[in-house]
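Undergrad: According to the numbering used here, the sequence shown is numbered sequentially starting from 2. Glycine is no exception: its CB is placed at the ideal position from the N, C-alpha and C atoms.
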Amino acid sequence: MYVAGDREALIAGSQWDLKPFNLIRPRSLPEAVSAMAAEPDPVPYAGGTDMVAALREARRIGSLVWLRDLDELRGVREADGHLSIGALLTHADGANNEALQAIPGFAAAWSRIATVRIRWTATIGGNLMARRTRYEMSILLTALDARLRFATAEGEVLARPLDIWTGDVPARALLARIELPLDGAPRLDYERSMRPTTTQALCIRDDAGARRGRAVIATEYLPPFAFDVDPGAGGGAAGIAETAFEALPADFQDPAVGNTYLRKAGAVFLKRQMLRLGAADA
Ligand SMILES: Cc1cc2nc3c(=O)[nH]c(=O)nc-3n(C[C@H](O)[C@H](O)[C@H](O)COP(=O)(O)OP(=O)(O)OC[C@H]3O[C@@H](n4cnc5c(N)ncnc54)[C@H](O)[C@@H]3O)c2cc1C
Numbered sequence: 002m003y004v005a006g007d008r009e010a011l012i013a014g015s016q017w018d019l020k021p022f023n024l025i026r027p028r029s030l031p032e033a034v035s036a037m038a039a040e041p042d043p044v045p046y047a048g049g050t051d052m053v054a055a056l057r058e059a060r061r062i063g064s065l066v067w068l069r070d071l072d073e074l075r076g077v078r079e080a081d082g083h084l085s086i087g088a089l090l091t092h093a094d095g096a097n098n099e100a101l102q103a104i105p106g107f108a109a110a111w112s113r114i115a116t117v118r119i120r121w122t123a124t125i126g127g128n129l130m131a132r133r134t135r136y137e138m139s140i141l142l143t144a145l146d147a148r149l150r151f152a153t154a155e156g157e158v159l160a161r162p163l164d165i166w167t168g169d170v171p172a173r174a175l176l177a178r179i180e181l182p183l184d185g186a187p188r189l190d191y192e193r194s195m196r197p198t199t200t201q202a203l204c205i206r207d208d209a210g211a212r213r214g215r216a217v218i219a220t221e222y223l224p225p226f227a228f229d230v231d232p233g234a235g236g237g238a239a240g241i242a243e244t245a246f247e248a249l250p251a252d253f254q255d256p257a258v259g260n261t262y263l264r265k266a267g268a269v270f271l272k273r274q275m276l277r278l279g280a281a282d283a
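1) Using only the alpha-carbon positions, how far apart do GLY1 and TYR222 sit?
2) Work out the CA separation of ARG150 and ALA177 for me, nearest whole Å.
3) Hey, SER64 and ASP42: beta-carbon distance below 8 Å or not?
4) Less than 8 Å between CB atoms is the rule here; does ALA100 satisfy it with respect to chain B?
5) Hey, out of THR200, ARG215 and VAL170, whose CA is closest to ASP146's CA?
6) Between which two residues does the alpha helix (DSSP H) harbouring VAL217 extend?
7) What residues in its chain sit with their C-beta under 6 Å from that of LEU101, if we drop five residues either side in the sequence?
8) For the putative contact between ALA227 and LEU163, defined by C-beta atoms under 8 Å, what is the C-beta separation to the nearest angstrom?
9) Can you find the residues in the same chain that come closer than 8 Å, C-beta to C-beta, to LEU255, ignoring five residues on each side of it along the sequence?
10) Whose C-beta lies closer than 7 Å to the C-beta of THR91 among residues of the same chain, with five residues either side of it excluded?
11) Below 8 Å between beta carbons: does that hold for LEU263 and ILE205?
12) Reducing DSSP to helix, strand and coil, say where THR143 ends up.
13) Take the Cβ of ALA115 as the centre, count every other Cβ of all protein chains shown within 10 Å, and call the residue buried at 16 or more, exposed below.
14) I need the DSSP call for ASP190, collapsed to helix, strand or coil.
15) Can you tell me whether GLY267 is helix, strand or coil according to DSSP?
16) Among MET52, ALA283 and ARG57, which residue has its Cα nearest to the Cα of GLY236?
17) Have a look at ARG212 and GLY185 and give me their C-alpha separation to the nearest angstrom.
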């Protein structure tokens, strides 16, 4: 969408349409939070790879808040039974991070996101906060039961990845860290051979002898839908997958792919995912 004054048209904008804006370079998270609260139309800048697309869509920038000097948003650490990932971790660093090996399959899934050039600068936080259904991090993180830690002028706000689609995240919040619980020894399988039509993640955990699964399906145009999988239900992997897919709402479909197709293909993928994770018998 091209916006010029009060005129709008379906023509992509470019950097030449940019109006002058403030550049804020905070040195700490509290400084960044203050800037987000005080500046006009603040836009956080992490890797900037989505920002180019957003500018073509006429995103307005009042003040650009440069996040890249914030150490609080960096690194991966393990504490209190979870992994804590800084929002600035890039796709390349995430895929190669030793600590993330605590969740088999996660780094491998992350390594398949985006192109080489983009992976060095694109961040996990930007992938989530761009709020684009075709981006994949919210699918993986929903399957992994992630918790998001946001910093705001009113204090810390905790949220889930699905909350970014429902507007339950305060408008001027900064995503600081992403926490992944390690209880039940989670392991992940990600099926993206049909992307962008549909992609699907499955996380399996073993709790005190009971096995539980969380599956997430998404399409190019729909936010992820999460549902439980009960590997102990019997009926073999195919039966378990078909039963689990009964939870998919009848209106979960988009202009490119219908509900019946998603249900059938999804159940086939889910069966394969359970077998790959050793979560059920054939
Ligand atoms: C050629 C290409 C191929 C791609 N392929 C894929 C793919 O296969 N799969 C996939 O999932 N994605 C893909 N992407 C998207 C890419 O992963 C995202 O552009 C990237 O992760 C965004 O991260 P960033 O750090 O560059 O975000 P930025 O562009 O800096 O920011 C994106 C948005 O998030 C906001 N933001 C950033 N950080 C924060 C924060 N900490 N708190 C609050 N708001 C924040 C910004 O204000 C902005 O609105 C591709 C992109 C390109 C250009």
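TA: On the basis of the coordinates in this document:
1) This structure cannot settle anything about residue 1, because the visible part of the chain is limited to 2 through 283.
2) Against the sequence shown, residue 177 aligns to sequence position 176. Against the sequence shown, residue 150 aligns to sequence position 149. If I take the Cα positions, the gap works out to 6 Å.
3) For the purposes of this step, residue 64 is identified with residue 63 of the sequence shown, where counting begins at 1. For the purposes of this step, residue 42 is identified with residue 41 of the sequence shown, where counting begins at 1. In contact: SER64 and ASP42 (Cβ atoms closer than 8 Å).
4) The structure shown contains no chain B; it holds only a single protein chain.
5) Within the sequence shown, the letter at position 145 stands for residue 146. The shortest C-alpha separation from ASP146 is found at ARG215.
6) Your numbering for residue 217 matches position 216 in the sequence shown. From DSSP, VAL217 is part of no alpha helix (DSSP H) but of the beta strand (DSSP E) over 211-220.
7) The residue labelled residue 101 in the question sits at position 100 within the sequence shown. Only PHE107 and ALA108 meet the Cβ criterion.
8) Counting from 1 along the sequence shown, the entry for residue 227 is found at position 226. Counting from 1 along the sequence shown, the entry for residue 163 is found at position 162. Indeed, because the Cβ distance is near 7 Å, the residues count as touching under 8 Å.
9) Here residue 255 corresponds to residue number 254 of the sequence shown, with the count starting at 1. Before going further, note that residue 255 is Asp rather than Leu in the sequence given. Within the same chain, ASP255 has close Cβ partners THR220, GLU221, TYR222 and LEU223.
10) Working through the sequence shown from its first residue, we reach residue 91 at position 90. Result list for THR91: GLY48, ARG120, TRP121, THR122, ALA123 and THR124, in chain order.
11) Here the question's residue 263 lines up with position 262 in the sequence shown. Here the question's residue 205 lines up with position 204 in the sequence shown. No, Cβ-Cβ distance for LEU263 and ILE205 is not below 8 Å.
12) Locating residue 143 in the sequence shown gives position 142, where the first residue counts as 1. Reduced to three states, the DSSP call for THR143 is helix.
13) Locating residue 115 in the sequence shown gives position 114, counting from the first residue. Buried, because 16 or more other Cβ atoms sit within 10 Å of the Cβ of ALA115.
14) Counting from one through the sequence shown, the residue named residue 190 turns up at place 189. Residue state, collapsed to three classes: strand.
15) Your numbering for residue 267 matches position 266 in the sequence shown. Reduced to three states, the DSSP call for GLY267 is helix.
16) As a first step, residue 236 must be located in the sequence shown, where it is residue number 235. When only C-alpha atoms are compared, the closest one is ALA283.
17) Here residue 212 is taken as the residue at index 211 of the sequence shown, counted from 1. Here residue 185 is taken as the residue at index 184 of the sequence shown, counted from 1. The alpha-carbon atoms of ARG212 and GLY185 are separated by roughly 8 Å.
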